[in-house]
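Residue numbers (this note's numbering): 53 to 520. The beta-carbon is built from N, C-alpha and C at its ideal position, and this holds for glycine as well.
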């Protein structure tokens with residue numbers, strides 16, 4: 053016999069939890085299935101612990117820039133203990149209690165589609181349970197680290213984001229494969245907490261290749277000042293680790309050999325679509341689940357299947373997955389009542405999705421880069437400003453380095469994208485997100501007066517540089 057609900061969600065990460073919350077608010081019954089911990093990757097092995105590790109390093113950088121202040125060595129044991137607190141010591145009972153209080157049913161086990169509107173769960177206790185959905189099944193299984201096919205890499209038991217954020221030991225020597233967000237954040241975190249020799253091996257020509265080029269350049273300069281080595285245009289030919297937990301040897305085609313105590317693979321993530329049972333409903337299990345702007349899967353008849361978060365490949369960002377989930381839950385509840393709600397705005401394809409890289413300097417951006425805007429056919433004007441020239445930035449500390457960029461649609465006189473790079477710049481981003489997504493005309497934005505002396509005065513300077 054099957055247990056029946058209006059909505060069944062596979063995956064209890066932030067996106068899945070938000071679907072359940074909105075669906076139940078809309079008057080529906082719901083069950084959510086999770087094999088590991090309720091709260092998902094972000095809560096235990098990604099966003100939350102990584103920022104707990106980065107915060108002391110970021111604060112140490114701020115203190116070092118202010119004359120008259122002195123900071124002693126970072127207490128690594130205390131930092132790791134606080135990291136453990138932020139992830140609830142890997143105990144999800146509080147999160148399960150929240151789900152049950154929605155109220156929704158929490159099912160611990162591996163869930164797979166088993167034909168239309170059916171989810172078969174291999175329970176954690178060894179049993180099995182079949183759930184059926186009257187209205188919708190939602191796949192919210194997130195993503196997994198992508199590991200490149202380098203000879204010996206799989207056998208080397210290298211770290212991924214999962215292991216580096218949970219580590220209890222700071223390695224003396226660390227090699228990082230990748231130049232994206234995880235690679236940069238965790239390289240700086242480990243180096244700041246005591247790694248003596250940190251080397252990033254980057255296939256591309258710079259760090260953070262999807263952002264404005266100056267962002268990666270300023271970060272690389274910060275890395276160089278801190279003693280972090282960045283090698284761009286570099287491939288890895290093979291990896292060796294003869295003894296589990298022993299030294300790692302990384303071979304490069306051009307000849308040099310790098311030895312390290314740990315190897316972190318941070319070369320991107322892949323939507324977790326394998327072993328979800330997509331084949332039972334006629335979908336491929338090796339590509340993201342394609343959805344429309346209501347998060348409904350486009351390749352399934354009768355419109356009962358939805359996918360939110362990383363698994364649909366639109367924007368692998370926790371906050372965007374949660375946004376998609378809120379839209380999805382509301383849409384499912386409305387359709388159950390025979391109504392239709394406006395779909396979400398497409399903010400995931402470079403049109404508005406905000407992102408922060410929590411390094412020192414912090415890097416944050418929303419909307420299109422200059423290159424993307426030009427490729428999309430817009431008539432573009434770019435305005436740059438040295439953030440260190442803003443009085444508020446100068447007052448934050450000596451040697452403040454940063455840069456702001458506004459990408460302007462010259463035909464409509466609105467912002468297509470904004471990037472800030474500088475210490476503490478992350479808190480500037482939401483204003484930019486509002487300006488980009490709401491398409492606020494520049495002549496109206498000019499009347500939004502920033503307080504003096506704050507770093508946000510960079511908004512005035514950008515508009516003045518534009519000519520307003």
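Sub-8 Å separation of residue i and residue j beta-carbons
i           : j           : result
residue 318 : residue 256 : no
residue 85  : residue 163 : yes
residue 413 : residue 477 : yes
residue 123 : residue 130 : no
residue 525 : residue 471 : A question about residue 525 goes unanswered here, because the residues of the chain that appear run from 53 up to 520.
residue 418 : residue 404 : yes
residue 321 : residue 198 : yes
residue 272 : residue 79  : no
residue 328 : residue 175 : no
residue 460 : residue 435 : yes
residue 247 : residue 226 : yes
residue 325 : residue 337 : yes
residue 191 : residue 363 : yes
Terminal residues of the alpha helix (DSSP H) in which residue i lies
i           : result
residue 88  : Careful: residue 88 lies outside any alpha helix (DSSP H) and carries neither H nor E.
residue 261 : Here residue 261 belongs to no alpha helix (DSSP H), and DSSP marks it neither H nor E.
residue 497 : 494 to 497
residue 62  : Counting along the chain, residue 62 falls outside any alpha helix (DSSP H), though it belongs to the beta strand (DSSP E) covering 55 to 62.
residue 147 : 145 to 153
residue 76  : 66 to 77
residue 138 : 128 to 138
residue 313 : Taken as a continuous stretch (DSSP letters only), residue 313 belongs to no alpha helix (DSSP H), as it is neither H nor E.
residue 287 : Unbroken run through residue 287: none, as it is neither H nor E.
residue 431 : It is not in any alpha helix (DSSP H) - residue 431 carries neither H nor E in the DSSP assignment.
Neighbour flag for residue i against chain B, beta carbons, 8 Å
i           : result
residue 151 : In the structure shown, chain B does not exist; there is a single protein chain.
Distance between residue j and residue i (C-alpha atoms, nearest Å)
i           : j           : result
residue 507 : residue 286 : 37 Å
residue 120 : residue 449 : 11 Å
residue 501 : residue 509 : 8 Å
residue 259 : residue 372 : 23 Å
residue 105 : residue 453 : 23 Å
residue 83  : residue 195 : 21 Å
residue 77  : residue 206 : 45 Å
residue 209 : residue 410 : 27 Å
residue 216 : residue 389 : 46 Å
residue 447 : residue 503 : 14 Å
residue 511 : residue 464 : 19 Å
residue 359 : residue 346 : 9 Å
residue 211 : residue 333 : 35 Å
residue 250 : residue 275 : 10 Å
residue 301 : residue 310 : 6 Å
residue 188 : residue 94  : 25 Å
residue 143 : residue 155 : 20 Å
residue 486 : residue 262 : 21 Å
residue 279 : residue 377 : 41 Å
residue 110 : residue 451 : 15 Å
residue 167 : residue 367 : 27 Å
residue 314 : residue 236 : 16 Å
residue 304 : residue 292 : 12 Å
residue 182 : residue 56  : 9 Å
residue 406 : residue 480 : 11 Å
residue 400 : residue 370 : Low per-residue confidence applies at residue 400: pLDDT is 43, beneath 50, and the placement is therefore not dependable enough to give any value.
residue 515 : residue 493 : 11 Å
Minimum C-alpha distance to residue i - residue among the options
i           : options               : result
residue 444 : 167, 330 and 505      : 505
residue 228 : 174, 175, 196 and 283 : 283
residue 69  : 425, 380 and 484      : 380
residue 519 : 482, 462 and 485      : 462
residue 30  : 175, 93 and 289       : Nothing can be reported for residue 30: it is not among the residues displayed for the chain, which extend from 53 to 520.
residue 431 : 351, 128, 466 and 315 : 466
residue 365 : 181, 468, 136 and 340 : 340
residue 66  : 236, 55 and 96        : 96
residue 172 : 230, 61 and 135       : 61
residue 17  : 235, 491 and 63       : An answer regarding residue 17 cannot be provided, because it is not within the stretch 53 to 520 covered by the chain.
residue 74  : 383, 391, 262 and 456 : 383
residue 420 : 391, 491, 475 and 236 : 491
residue 71  : 438, 361, 138 and 296 : 361
residue 213 : 238, 204, 303 and 226 : 238
residue 513 : 475, 481, 458 and 226 : 458
residue 185 : 170, 336 and 230      : 170
residue 456 : 427, 437 and 484      : 437
residue 416 : 473, 363 and 498      : 473
residue 482 : 427, 408 and 494      : 408
Start and end residues, beta strand (DSSP E) containing residue i
i           : result
residue 253 : 249 to 253
residue 195 : 195 to 197
residue 163 : 157 to 165
residue 524 : Residue coverage of the chain in this structure runs from 53 to 520, which leaves residue 524 outside it and unanswerable.
residue 301 : 300 to 303
residue 471 : 466 to 474
**Message:** Three Cβ pairs or more, each shorter than 8 Å: is that satisfied between the stretch 91 to 104 and the stretch 221 to 228?
**Reply:** no
**Prompt:** Below 8 Å, can you find three or more Cβ-Cβ pairs linking the stretch 137 to 151 to the stretch 79 to 95?
**Reply:** The stretch 137 to 151 is in contact with the stretch 79 to 95.
**Message:** For the stretch 261 to 268 against the stretch 237 to 246, do three or more pairs of beta-carbon atoms, one drawn from each stretch, fall closer than 8 Å, so that the two count as touching?
**Reply:** Judged by Cβ distances under 8 Å, the stretch 261 to 268 makes no contact with the stretch 237 to 246, as fewer than three pairs qualify.
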